[in-house]
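K.L.:
Take a look at this one; I'll ask things after.
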Amino acid sequence: MDIITGDIGGTNARLALCRIGANDIEIVTQTTYPSGEYASLEKIVKTFSENLESEPDAACFGLPCPITGGVCNTTNLPWKISQKRLQNTLGGTETHLINDLEALAWGIGGLSQSDFLTLQEGNGDGAGNAMVIAAGTGLGQAGLYWDGDVHLPFATEGGHCDFAPADELQIELLRFAQRKHQHVSWERLVSGPGLATIYDFMLEYRDVPAPDWFEELKEGDDVAEIVSTKAIQEVDDLYTEAVGLFIRLLGTEAGNQALKMKATGGVFIGGGIAPKMLDWIQMPFFMEAFLSKGRMRPLLEQMPVHVITTNNTALLGAAIYQQSI
11 MDIITGDIGG
21 TNARLALCRI
31 GANDIEIVTQ
41 TTYPSGEYAS
51 LEKIVKTFSE
61 NLESEPDAAC
71 FGLPCPITGG
81 VCNTTNLPWK
91 ISQKRLQNTL
101 GGTETHLIND
111 LEALAWGIGG
121 LSQSDFLTLQ
131 EGNGDGAGNA
141 MVIAAGTGLG
151 QAGLYWDGDV
161 HLPFATEGGH
171 CDFAPADELQ
181 IELLRFAQRK
191 HQHVSWERLV
201 SGPGLATIYD
211 FMLEYRDVPA
221 PDWFEELKEG
231 DDVAEIVSTK
241 AIQEVDDLYT
251 EAVGLFIRLL
261 GTEAGNQALK
271 MKATGGVFIG
281 GGIAPKMLDW
291 IQMPFFMEAF
301 LSKGRMRPLL
311 EQMPVHVITT
321 NNTALLGAAI
331 YQQSI
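Residue 253 in this note's numbering sits at position 243 of the sequence shown, and the numbers go up by one each step.
What follows is the structure, given as structure tokens:
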């Protein structure tokens, strides 16, 4: 069975042809498209499908938005996506839409141990609810309900909940972000654009002139990658401070979500940013922020915490979901 799958993000749309065999799922071919250069997802899907050698049996796309009635408006793209239109684009091929983090959650079961970096072993046996949180262009979150035998993924929009500062520095960050955004969610700070906001805040907070590259930014420049690279290279303390704060906030919100899900079955950190910051995430302040929940610290210490290091998880997850229905 051949399935077109999509992992659609605000920066990139990744499409693949997955072949489901008796015991495994193989990615036959995949292509990455810059999302912002296309007027619609249908145009990307049409381009991808026209280059396939055979007709797919089905299609499933993971989308960065809440989906209702087979329709959604993407949060970080000016697209309105319709299951019916995509199905027509594919000549009537059976097509399904799911949330991108739901697709990521479905894909976890198709990974091997080598696809994870373990930050905390925990003391569970995999039973119990699990969760996934992923920072990229936005901040996605999903849950995996434990039914006694298997994990069943479900979508959430938890990344859009109110940001809650934990100390004086973060209170000032909130005030800074409120000048830019009417509503400051976790996504506004724990994402690629969020890291840019944090760096901009640190420039003001430390009363440091903006560097030339920051003043000369063009639309589409990956500020998060620039800041994180300079921090890794230890260009100066401001980059390091900005990335350190970003990692603490990611750890804090991962801990918040873990408590809400009671994720004794596992906490999984995904997205495009985490694999690029493995050295930072392995530093003590990520797990300390995750665990810093007062009387609930012992519960959090029981939870296995893993970083997903492969970038194909959501593509596989869309295929696993399609196979399951």
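Glycine included, C-beta positions come from ideal geometry on N, C-alpha and C.
Can you tell me the Cα-Cα spacing of residue 103 and residue 38, whole angstroms?
P.N.:
In the sequence shown, residue 103 corresponds to position 93, counting from 1. In the sequence shown, residue 38 corresponds to position 28, counting from 1. About 18 Å.
K.L.:
For residue 84 and residue 134, what's the separation of their Cα atoms in angstroms?
P.N.:
For the purposes of this step, residue 84 is identified with residue 74 of the sequence shown, where counting begins at 1. For the purposes of this step, residue 134 is identified with residue 124 of the sequence shown, where counting begins at 1. Distance between the alpha carbons of residue 84 and residue 134 is about 36 Å.
K.L.:
Is residue 293 helix, strand or coil by DSSP?
P.N.:
The residue given as residue 293 occupies position 283 in the sequence shown. Coil at residue 293, not helix or strand.
K.L.:
Counting along the chain, where does the alpha helix (DSSP H) carrying residue 212 start and finish?
P.N.:
By 1-based counting over the sequence shown, the position of residue 212 is 202. Per DSSP, residue 212 belongs to the alpha helix (DSSP H) from 202-215.
K.L.:
Is the beta carbon of residue 65 within less than 7 Å of some heavy atom of the ligand NAD?
P.N.:
Within the structure as shown, the ligand NAD is missing, as the structure has no ligands at all.
K.L.:
Using alpha carbons as the reference points, say which of 182, 251, 150 lies closest to residue 171.
P.N.:
Here residue 171 corresponds to residue number 161 of the sequence shown, with the count starting at 1. The residue with the shortest Cα to Cα distance from residue 171 is 150.
K.L.:
At which residue ranges does the segment 19-61 contain complete alpha helix (DSSP H) runs of 4 or more residues, listed in the order of the chain?
P.N.:
Runs of the alpha helix (DSSP H) inside the segment 19-61: 51-60.
K.L.:
Measure the CB-CB distance between residue 257 and residue 224 and report whether it falls below 8 Å.
P.N.:
Here residue 257 refers to the residue found at position 247 when the sequence shown is read from its first residue. Here residue 224 refers to the residue found at position 214 when the sequence shown is read from its first residue. Cβ atoms of residue 257 and residue 224: not closer than 8 Å.
K.L.:
Report yes if the C-beta distance between residue 25 and residue 96 is below 8 Å; otherwise report no.
P.N.:
Position 15 of the sequence shown holds residue 25. Position 86 of the sequence shown holds residue 96. No, the Cβ-Cβ distance between residue 25 and residue 96 is not below 8 Å.
K.L.:
Near residue 273, which residues of its chain fall below 6 Å by C-beta distance, leaving aside the five closest residues on each side in sequence?
P.N.:
Against the sequence shown, residue 273 aligns to sequence position 263. 139, 140, 141, 313, listed in sequence order.
K.L.:
Put residue 98 into one of helix, strand or coil per three-state DSSP.
P.N.:
As a first step, residue 98 is located in the sequence shown; it is residue number 88 there, counting from the start. Helix, per DSSP.
K.L.:
Would you check if the distance between the CB atom of residue 174 and the CB atom of residue 281 is smaller than 8 Å?
P.N.:
Position 164 of the sequence shown, counting from 1, holds the residue named residue 174. Position 271 of the sequence shown, counting from 1, holds the residue named residue 281. Contact: no.
K.L.:
Does DSSP put residue 306 in a helix, in a strand, or in coil?
P.N.:
For the purposes of this step, residue 306 is taken as the residue at position 296 of the sequence shown. Three-state DSSP puts residue 306 in a helix.
K.L.:
With the cut-off set at 8 Å, would you say residue 252 and residue 241 are in Cβ contact?
P.N.:
Sequence index remark: in the sequence shown, residue 252 carries index 242 (1-based). Sequence index remark: in the sequence shown, residue 241 carries index 231 (1-based). Yes, they are a contact pair.
K.L.:
Need the endpoints of the beta strand (DSSP E) that residue 279 sits in, please.
P.N.:
Locating residue 279 in the sequence shown gives position 269, where the first residue counts as 1. That run of the beta strand (DSSP E) goes 276-280.
K.L.:
Could you check which residue in 325, 278, 294 has the C-alpha nearest to that of residue 317?
P.N.:
Taking the first residue of the sequence shown as 1, we reach residue 317 at position 307. Here the closest residue by C-alpha is 278.
K.L.:
Is the beta carbon of residue 42 closer than 8 Å to that of residue 61?
P.N.:
Mapped onto the sequence shown, residue 61 falls at position 51. Mapped onto the sequence shown, residue 42 falls at position 32. Against a cut-off of 8 Å, the Cβ pair of residue 42 and residue 61 comes out as no contact.
K.L.:
By how many angstroms is the C-alpha of residue 232 removed from the C-alpha of residue 98?
P.N.:
Taking the first residue of the sequence shown as position 1, residue 98 is located at position 88. Taking the first residue of the sequence shown as position 1, residue 232 is located at position 222. Using only the alpha carbons, I get a separation of about 34 Å.
K.L.:
Are three or more beta carbon pairs between the segment 71-79 and the segment 320-333 nearer than 8 Å?
P.N.:
Segments in contact, yes.
K.L.:
Between the C-alpha atoms of residue 208 and residue 128, what's the straight-line distance to the nearest angstrom?
P.N.:
Here residue 208 refers to the residue found at position 198 of the sequence shown. Here residue 128 refers to the residue found at position 118 of the sequence shown. Looking at the two C-alpha atoms, the distance is approximately 27 Å.
K.L.:
Closer than 6 Å by C-beta to residue 336: which residues in its own chain qualify, once you throw out the five before and the five after it? Chain order, please.
P.N.:
Residue 336 is absent from the model: the chain starts at 11 and stops at 335.
K.L.:
How far does the alpha helix (DSSP H) with residue 188 in it extend, from its first residue to its last?
P.N.:
Working through the sequence shown from its first residue, we reach residue 188 at position 178. Counting along the chain, the alpha helix (DSSP H) containing residue 188 begins and ends at 178-190.
K.L.:
Starting from residue 334, trace the alpha helix (DSSP H) in both directions and tell me its first and last residue.
P.N.:
Here residue 334 corresponds to residue number 324 of the sequence shown, with the count starting at 1. Its alpha helix (DSSP H) spans residues 323-334.
K.L.:
Quick check: the Cα distance between residue 169 and residue 45, rounded to an integer number of angstroms?
P.N.:
Taking the first residue of the sequence shown as position 1, residue 169 is located at position 159. Taking the first residue of the sequence shown as position 1, residue 45 is located at position 35. Cα-Cα distance, rounded: 21 Å.
K.L.:
In this structure, does DSSP put residue 9 in helix, strand or coil?
P.N.:
Residue 9 cannot be examined here, being either before or after the span of the chain that is shown, 11 to 335.
K.L.:
Looking at residue 157: is its Cβ nearer than 8 Å to the Cβ of residue 19?
P.N.:
By one-based count along the sequence shown, residue 157 stands at place 147. By one-based count along the sequence shown, residue 19 stands at place 9. No; because the gap between Cβ atoms is not below 8 Å, this pair is not in contact.
K.L.:
Near residue 188, which residues of its chain fall below 7 Å by C-beta distance, leaving aside the five closest residues on each side in sequence?
P.N.:
Against the sequence shown, residue 188 aligns to sequence position 178. These residues qualify, in order along the chain: 194.
K.L.:
Drop a sphere of 10 angstroms on the beta-carbon of residue 211, count the other beta-carbons inside from all chains shown, and report buried for 16 or more, exposed for fewer.
P.N.:
Position 201 of the sequence shown, counting from 1, holds the residue named residue 211. It counts as buried.
K.L.:
What's the call for residue 332, buried or exposed, on a 16-neighbour Cβ count within 10 Å?
P.N.:
Your numbering for residue 332 matches position 322 in the sequence shown. Buried, because 16 or more other Cβ atoms sit within 10 Å of the Cβ of residue 332.
K.L.:
Which value, in whole angstroms, describes the spacing of the CA atoms of residue 180 and residue 36?
P.N.:
One-based indexing of the sequence shown puts residue 180 at position 170. One-based indexing of the sequence shown puts residue 36 at position 26. Going by the C-alpha atoms only, they are around 44 Å apart.
K.L.:
Between which two residues does the alpha helix (DSSP H) holding residue 238 run?
P.N.:
Here residue 238 refers to the residue found at position 228 of the sequence shown. First-last of the alpha helix (DSSP H) with residue 238: 233-242.
K.L.:
Checking the sheet assignment: what are the DSSP bridge partners for residue 64?
P.N.:
As a position in the sequence shown, residue 64 is number 54, starting the count at 1. Paired residues: none, contrary to the question.
K.L.:
Could you tell me the distance, in whole angstroms, from the CA atom of residue 66 to the CA atom of residue 100?
P.N.:
The sequence position of residue 66 within the sequence shown is 56, counting from 1. The sequence position of residue 100 within the sequence shown is 90, counting from 1. Taking the straight line from one Cα to the other gives about 9 Å.
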